[in-house]
Amino acid sequence: WAIENPHEITQCHHQYQFSVNVWAGILDDYLFFSFLPETLNGDRYLHFLTVDLHEFLEDVPLDVRENMWFMLDGAPAHFDLRVRERLNQTYANNWIGRGGPVPWPARSPDLNPLDFFLWGHLKAIVYSSPVESVEDLRVRISNGIERIRQTPGIFERVRQSMSKRLEACILNEGRHFEQLL
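Take the sequence shown: its position 93, counting from 1, is numbered 153 in my numbering, and each next residue is one higher.
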């Protein structure tokens with residue numbers, strides 16, 4: 061007797077790999093997302109900031125928009141001069157990123173809600189079973205985002221976690237702190 065059936069076939073991977081480029085943002089109790097072009101450059105990201113992001117924010121109350129901060133990771137498209145000029149024009153000193161008014165500490169995903177919460181949570185939903193195609197992946201991402209949006213109290217818990225993380229970072233003088241949470 062064997063624990064596993066030697067004749068059973070299990071698919072481990074696809075012959076062809078596929079991926080999509082996703083932008084997401086959390087603002088108060090809003091979760092925004094957009095599929096971006098597969099290859100992202102400064103021009104494409106600038107278009108996203110100017111057109112798509114503007115449309116997302118139309119339904120957000122003005123007082124929330126006026127007090128929001130925009131956080132970027134170190135992707136090359138984010139560092140494009142025209143992108144940084146647009147961010148300076150739109151958000152003044154309220155943006156965080158490479159070359160911005162508030163530099164983001166390198167390699168610090170433990171302070172970014174998208175990294176410590178959203179991407180892992182979304183991947184657990186999306187990859188709960190094998191993804192068959194790019195179209196399937198896009199549908200699963202859209203459905204996963206909607207499922208997260210509909211989870212009661214989830215953004216309040218993210219804000220509480222962010223506060224705890226900031227306090228732990230300060231108490232540990234900027235060194236690794238996740239073990240303290």
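Positions of the beta carbon are idealized from the N, C-alpha and C atoms, including for glycine. These figures come from a predicted structure and were not determined experimentally.
Margin query: To the nearest angstrom, how far is the alpha carbon of Val-124 from that of Leu-91?
Written below: Residue numbering aside, residue 124 sits at position 64 when the sequence shown is read from its first letter. Residue numbering aside, residue 91 sits at position 31 when the sequence shown is read from its first letter. Cα to Cα, Val-124 sits roughly 14 angstroms from Leu-91.
Note to self: Can you tell me whether Val-186 is buried or exposed? The criterion is at least 16 other CB atoms within 10 Å of its CB, across all chains shown.
What the structure shows: Here residue 186 corresponds to residue number 126 of the sequence shown, with the count starting at 1. With 16 or more Cβ atoms within 10 Å of its Cβ, Val-186 is classed as buried.
Item checked: Length of the line joining the Cα atoms of Glu-227 and Asn-153 -> Numbered from its first residue, the sequence shown carries residue 227 at position 167. Numbered from its first residue, the sequence shown carries residue 153 at position 93. C-alpha separation (whole angstroms): 23 angstroms.
Margin query: Using a 10 Å radius around the Cβ and a threshold of 16 neighbouring Cβ atoms, would you call Trp-129 buried or exposed?
Written below: What you label residue 129 is simply residue 69 of the sequence shown in a count that begins at 1. Per the 10 Å Cβ criterion, exposed.
Notebook entry, point to check: So, do the stretch 101-111 and the stretch 136-151 have three or more beta carbon pairs nearer to each other than 8 angstroms?
Noted result: yes
Next item on the list: Kindly identify the DSSP beta-bridge partner or partners of Leu-96.
Entry: By one-based count along the sequence shown, residue 96 stands at place 36. Per DSSP, Asn-81.
Margin query: Between which two residues does the alpha helix (DSSP H) holding Asp-196 run?
Written below: Here residue 196 refers to the residue found at position 136 of the sequence shown. 194-209 is the extent of the alpha helix (DSSP H) around Asp-196.
Check: Among the residues of its own chain, which have a CB less than 6 angstroms from the CB of Ile-86, if the five just before and after it don't count?
Finding: On the sequence shown, position 26 is the one that residue 86 refers to. Pro-173.
Next item on the list: Can you give me the start and stop residues for the alpha helix (DSSP H) that Arg-167 sits inside?
Entry: One-based indexing of the sequence shown puts residue 167 at position 107. Unbroken run through Arg-167: none, as it is neither H nor E.
Notebook entry, point to check: For Phe-130, which three-state DSSP category applies?
Noted result: For the purposes of this step, residue 130 is taken as the residue at position 70 of the sequence shown. In this structure, Phe-130 counts as strand in the three-state DSSP scheme.
Margin query: According to DSSP, simplified to helix, strand and coil, what is Leu-91?
Written below: Counted from its first residue, the sequence shown places residue 91 at position 31. In this structure, Leu-91 counts as strand in the three-state DSSP scheme.
Check: Taking the continuous alpha helix (DSSP H) assigned at Val-218, which residues delimit it?
Finding: As a working note, residue 218 is residue 158 in the sequence shown. From DSSP, the alpha helix (DSSP H) with Val-218 extends over 214-231.
Note to self: Can you give me the C-alpha to C-alpha distance between Asp-133 and Arg-167, rounded to a whole angstrom?
What the structure shows: The residue given as residue 133 occupies position 73 in the sequence shown. The residue given as residue 167 occupies position 107 in the sequence shown. Roughly 9 angstroms between the two C-alpha positions.
Note to self: Less than 7 angstroms between the C-beta atoms of Arg-158 and Gly-102, yes or no?
What the structure shows: One-based indexing of the sequence shown puts residue 158 at position 98. One-based indexing of the sequence shown puts residue 102 at position 42. The answer is no: Cβ separation not under 7 angstroms.
Margin query: According to DSSP, simplified to helix, strand and coil, what is Ile-185?
Written below: Start at 1 with the first residue of the sequence shown, and residue 185 comes out as number 125. DSSP places Ile-185 in helix when its eight states are reduced to three.
Next item on the list: Under the assumption that Leu-182 contacts Ile-208 (Cβ atoms under 8 angstroms), give the Cβ distance between them as a whole number of angstroms.
Entry: Walking along the sequence shown from the start, residue 182 turns up at place 122. Walking along the sequence shown from the start, residue 208 turns up at place 148. The pair is a contact, with the Cβ atoms about 7 angstroms apart (cut-off 8 angstroms).
Next item on the list: Go ahead and label Gly-204 buried or exposed: buried means 16 or more other beta carbons lie within 10 angstroms of its beta carbon, across all protein chains shown.
Entry: Stepping through the sequence shown from its first residue, residue 204 is reached at position 144. Its Cβ being crowded by 16 or more others within 10 Å, Gly-204 is buried.
Next item on the list: Kindly indicate which residue of Cys-229, Thr-211, Glu-206, Val-191 has the alpha-carbon position closest to the one of Val-80.
Entry: One-based indexing of the sequence shown puts residue 80 at position 20. Nearest option by C-alpha distance: Val-191.
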